Amino acid sequence: MKEELSTRYEPSAFEQKLYAFWEREGFFTPVADREKPKFSIVIPPPNVTGRLHIGHALVMTLQDIITRWKRMSGFNTLWLPGTDHAGIATQMMVERELIKEGTSRVELGHDKFVERVWQWKAQHATEIKDQLTRLGASCDWTRERFTLEEHLSYAVRYVFVKLYEDGLIYRDLAMVNWCPQCGTAISDVEVDFRERNGKLYHIAYPIEDSDRRLIIATTRPETMLGDTGVAVHPDDERYQELIGKFAILPIANRRIRIVADPILVDREFGTGVVKVTPSHDKNDYEAGLRNNLPQMQVIGEDARMTAAAGAEFAGLDRMDARKKVVQTLKEQGFLVKVEDHLHNVGVHGRCDTDIEPMISRQWFVKIAPLAEPAIEAVRNGTIRIFPQAWEATYFNWMENIHDWTISRQLWWGHRIPAYHCPNGHTTVAMDDPGKCPQCGEPVKQETDVLDTWFSSGLWPFSTMGWPDNTPDVQTFYPTDTLITGFDILFFWVARMIMFGLRFTGKAPFTQVFLNGLVRDEYGEKMSKTKGNVIDPLDVVNEVGADALRFTLAVNASGRDIPLGRSRIQGYSAFVNKIWNASRFAMMHIDTDLRAAGSIDRDQLHTVERWILSRLNEATSQVNKSLSAFRFDEASNAIYAFFWHEFCDWYIEMAKPVLLGKHGSEDDRRLAKRVLLEVLDRSLRLLHPFMPFVTDEIWLKLGGHEPSVMVAPYPVAEDVLEDPDAERMMHAVQSIITLVRNARAERGFTPKDRFKLYVHGNDDRESNFFRDYAYLLIELARLTEVIVGGEPPAGTQQDVVDGIHIAIEFPEKVISQEQLERTKREIEKSEKELASLDTKLANEQFVKNAPARVVQQAQARQTELRARLEKLKQN
RNA sequence: GCGGGAUUAGCUCAGUGGUAGAGCGUCUCCUUUACACGGAGAGGGUCGGGGGUUCGAAUCCCUCAUCCCGCACCA
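Going by the numbering used here, the first sequence runs without a break in its numbering and finishes at 1023.
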């Protein structure tokens, strides 16, 4: 072994070099070979709106961990990358840029604008790829896709036409969520509700030919200009005789009918009278239809009042109109009172603008027939969602699902493949029919585009070439796992399941892992306005990708993932540890992996059997945890093994032999061989979590494979399990810890050495302690170890793991503090013993508890008794 | 209103019936030839309150409290 590691861990020195090597060698690119067992996963395509943030880093890291794990485990593995055109969001970003340049979308015109967006896309898709590369994401870039590219657009048209032909897409006039800022309709899931301190305005509506007035309450007084009715509950005695009469709408002075509606009106709320504005409220819209009330649009698409609102209001913004309406009502004596009122206001999640419910002609997907099989697929376990608690949320939403508004009045997106002729005929077709099939008139394509999620919903199969039956579709579809944020369960996951089942007849994936939301170290959501956003690239530049990835993996469980800079730095210490431990190992190893023969287990000493057994246990744990998406468990298992068992104990225990202070030349060779073995297996085990540092080191070990990323992933082997070695080494560790403890308590320094007496319980144990006395001497810093025989008086005696020991200190320096500590220790032990005594005296316990538990209690009782006896002597 | 989740050490979180755990932080000692991004130790919790089931409850059940997240509604 000639190659050595540099004395300092410097990730920048090798990370980019290694990634280029992997990509060049084609390790990311699988062959569409149906003979091999495959594993496939598609990326949740990031929006091309901008750079990736730390939340992306999390979801990408988790995917890469699974992907690398599966690849090393022998699967023909595909991780398919790509980006999403993100209709509204991207259009907004580009428009914002145009405004800065002093121009606008409208000024530029449709074609020029779209061209600009494509430029934007090109730049950001490149940036995103760079970021993923720096994270170490092992995506197959030869298969990179974009939702708006040619083939994926073809798939979108195909699905649209099919759904239309099947009667599941319809175009209709309906109440939709309108975003005046973006100038488009949006779907229900895109509406966020914000709690807001508003006002509840109580307004008097006079009744025709009567002195009575009806008091209604509203949070949006400006909509009263569009009122076409007033509703009361049919069973409400207070208003019985008014039903069918007319009220006079203040300001507008219109007659509006008083109707009875049991659905709209809650008798208990307010005065029990509701104004009805069918054109600007979803419930009122339906009530209007039920009661045959006219519709009257007083607010336009730009959120300004229309001419119908009256000359003095026309053209006013809805908020200004509100003030003016209130002012006018007050002047005319109709405003009864104004109360503070906490309520929820629907806003567009993308731009935070208040949604204006509006009647509009839009395209919809009839969703129930799609939802049913999608519910069933999760219900019967075809698709499993992790953590499982999300399944309840999925069912809750899917079972109450509403038709999906899919048309958007945008310029950036898939244009709806519908063609209209001047006679009002509409043709839906894959390609432009040129002339109307019904009347022969020339047709024009619909200008509306589709909701972005319509194309994302096809992602797992459109990216593989569907609807064509390509080799990739045959080999890699359906995919196996999907990893994404829980916030897009409805937007994306549910829709992929619906489309996948409908069009491919297969669930698009079998396992879904929903990760949490990354927050800052104070638990605050990251946002640019708060300035607490972390750019993953900054972190990678600071501490390396491996430290970032490991931190993310350790914290991956939980709904909220608090992540600050300090937290990330903590795990860079671990990477540094790996580097240095490997450096130490490589200073001693003198053969490479290819030349190293297999290990003869019969020759192994207990120490070596122990570390291999512990590594085997960690290996088993990691594989098990990854299967269950327990990234925290998996990463902690490696962390604990590598640091606290391999570094803290094994390396220290191997030193006397490696440095020639103990054992034969054969022992030394064996120790080196085992050191190489443990390092090799550890690096392979770690690789999915820390791809860079592991390969940088592993490549120098001279393995058979060209990179650790294509070396086999370790699996637990029964032959490595060694409970006996574990038990004895545990005793050794306990004794060492006890001596260190006693030394520190008595105020000695590590330089002070003592004599130790150890009493094995049988010959076998005694022989063991004689053979391994050197470990105790080295690690507990002793002068000598005497096995067997009675310890002299005046020594500090104790019992640990059933082994009686005694430490001979030069003199009895017993401080007051030490005395009290011993006293506390005795009290604690006595208390525990007492409770154990009670427990064991309890027949119910002895009768009902499993034998193992009873035995444990008895053993503990025996040990405590012996220990107390010793402690009291000291 | 419907549904889901949380409440465990100063902080962040594991722990689904058998003597309370980790990481980080805190304190003490140590520059021992891989690592001070280190080593060796220490302190710290009546597992949100109350009740129940059980030989035994952080863990199962009931109840209360506080917080969070969906969905729906809020005139």
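Just so it is clear, CB atoms sit at the ideal spot from N, CA and C, and this is done for glycine as well.
All values reported here derive from a predicted model rather than from experimental measurement.
- Per the Cβ contact rule, the stretch 645–665 is in contact with the stretch 523–532 (3 or more Cβ pairs under 8 Å).
- Nearest to Leu819 by C-alpha distance, out of Leu775, Trp792, Asn765 and Leu761, is Leu761.
- Distance from the CA of Val995 to the CA of Ala1008, rounded to the nearest whole angstrom, comes to 14 Å.
- The beta carbon of Tyr626 sits closer than 8 Å to the beta carbons of Ser189, Pro609, Phe610, Met613, Trp615, Thr653, Lys655 and Pro657 from its chain, once the five residues preceding and following it are set aside; these are given in chain order.
- With a cut-off of 8 Å on Cβ pairs, the stretch 501–513 is in contact with the stretch 426–444, counting three or more such pairs.
- In the displayed model, Leu835 falls within a helix according to three-state DSSP.
- In this structure, Arg919 lies away from Arg902, with their beta-carbon atoms at least 7 Å apart.
- Of the residues Met579, Gly583 and Cys588, the one whose Cα lies closest to the Cα of Gly573 is Cys588.
- Looking at the backbone, the Cα of Phe897 and that of Val888 are separated by about 11 Å.
- Assigned with DSSP and collapsed to three states, Cys796 falls in helix.
- Scanning its chain for C-beta atoms nearer than 7 Å, with the 5 sequence neighbours on each side dropped, one finds around Gln945 the residues Ala891, Ala955, Ile956, Phe958 and Asn1023, in chain order.
- Annotation for Val592: no alpha helix (DSSP H) segment contains it, and DSSP assigns it neither H nor E.
- Looking only at Gly482, Ala458, Ala271 and Asn493, the smallest Cα-Cα distance to Arg345 is reached by Asn493.
- With respect to Pro863, Leu832 sits apart: the two C-beta atoms are not nearer than 7 Å.
- Only residues of its own chain outside the window of five on either side were considered, and among them His351, Ile352, Ala353 and Ile364 have a CB closer than 8 Å to the CB of Val485, listed in chain order.
- Only buried fits Asp376, as 16 or more other CB atoms lie within 10 angstroms of its CB.
- The three-state secondary structure of Gly495, taken from DSSP, is strand.
- Between Thr575 and Phe513, the gap from beta carbon to beta carbon reaches 7 Å or more.
- Looking at His836, Glu794 and Glu264, the one whose alpha-carbon comes closest to that of Leu824 is Glu794.
- Inclusion of Lys394 and Ile407 in the CB contact set at 7 Å is warranted, their separation being smaller than that value.
- Annotation: the continuous alpha helix (DSSP H) that includes Ala874 extends over Pro872 to Glu894.
- Around the Cβ of Leu438, a 10 Å sphere holds fewer than 16 other Cβ atoms; the residue is exposed.
- Taking every protein chain shown into account, the CB of Phe699 has 16 or more other CB atoms within 10 angstroms, so this residue is buried.
- With contacts defined by Cβ atoms closer than 7 Å, Val338 and Ala380 do not form a contacting pair.
- At a Cβ-Cβ threshold of 7 Å, Arg217 and Ser287 count as neighbours.
- The criterion of a C-beta distance shorter than 7 Å is satisfied by Met454 and Phe462.
- Contact check for Leu167 against Asp844 passes: the beta carbons are separated by less than 7 Å.
- With a 10 Å radius around the Cβ and a threshold of 16 neighbouring Cβ atoms, Thr886 comes out exposed.
- The C-alpha of Lys249 is placed about 23 Å away from the C-alpha of Gly498.
- The DSSP-derived three-state label of Glu344 is strand.
- Inter-residue distance for Thr333 and Ala409 is about 34 Å (C-alpha atoms, whole angstroms).
- For Phe897, the secondary structure class from DSSP, reduced to helix, strand or coil, is coil.
- In the DSSP annotation of this structure, the continuous segment of the beta strand (DSSP E) that includes Ile405 starts and ends at Arg403 to Ala409.
- Residue environment analysis places Pro566 among the buried positions, since at least 16 neighbouring C-beta atoms fall within 10 angstroms of its C-beta.
- The C-alpha of Pro329 lies about 22 Å from the C-alpha of His234.
- The continuous beta strand (DSSP E) containing Ala334 extends over residues Thr333 to Ile335.
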